[in-house]
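*Asks:*
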Amino acid sequence: MDLSLSSRVDSGPLGDRTVIEVAGEIDVYTAPKLREQLVEIVDAGQYHIVVDMQRVEFLDSTGLGVLVGGLKRVRQYEGSLRLVCTQERILKIFRITGLTKVFPIHGSVEEALREG
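Just so you know, we're using the UniProt record's numbering here: the sequence shown kicks off at 1 and counts up by one.
1) List the endpoints of the continuous beta strand (DSSP E) containing Phe58.
2) Quick one: give me the first and last residue of the alpha helix (DSSP H) that Thr97 is part of.
3) So the candidates are Glu21, Ile90, Val39 and Asp60; which of them puts its Cα closest to the Cα of Arg75?
4) Tell me which residues share the same chain as Ile105 and place their Cβ nearer than 6 Å to its Cβ, disregarding the 5 neighbours each side in the sequence.
5) Which of the three DSSP states is assigned to Asp27 in this structure?
6) I'd like the list of long-range same chain contacts for Gln46, defined as Cβ closer than 6 Å, with 5 residues on each side in sequence excluded.
7) Using 8 Å as the cut-off, can you tell me whether the segment 62-82 makes contact with the segment 26-44, which would need three or more C-beta pairs spanning the two stretches below that distance?
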């Protein structure tokens with residue numbers, strides 16, 4: 001399976017947030033595509049990002065590394081990177097690695113935007 005990405009800017013009460021919808025597998029082969037998207041968004045001056053992972057079917061350590069790198073990048077600008085994840089097998093990866101303490105993980109895009 002491949003990785004598909006789409007992004008949009010949501011202008012809400014807390015200001016602009018970029019939502020990246022991710023579907024498919026984030027692995028050693030596809031993670032660079034996500035990394036490029038994150039870099040482009042930050043380079044464009046968007047520092048508050050929500051990554052919607054509800055349709056992600058697989059996530060490996062390379063994918064985790066890209067998300068951590070994205071978080072470090074936005075934090076340089078006092079930004080935020082929030083995740084939306086509802087699949088237990090993907091959530092388990094974040095729990096096992098301790099990344100639930102690093103990333104705010106939400107059950108819906110709306111929730112992530114509200115608390116953003």
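Note that beta-carbon positions come from the ideal geometry of N, C-alpha and C, so glycine has one too. Predicted model, so just to flag it, every value in this text is computed and none were measured.
*Replies:* Here's the rundown:
1) Start at 1 with the first residue of the sequence shown, and residue 58 comes out as number 58. Element bounds for Phe58: His48 to Leu59.
2) Numbered from its first residue, the sequence shown carries residue 97 at position 97. Note, Thr97: alpha helix (DSSP H), Glu88 to Thr97.
3) Within the sequence shown, residue 75 is the residue found at index 75, counting from 1. If we check each option's Cα against that of Arg75, Val39 comes out closest.
4) Position 105 of the sequence shown holds residue 105. Contacts found: Leu83 and Cys85.
5) The residue given as residue 27 occupies position 27 in the sequence shown. Taken through DSSP and simplified to helix, strand or coil, Asp27 comes out as coil.
6) Your numbering for residue 46 matches position 46 in the sequence shown. Thr18.
7) These segments touch.
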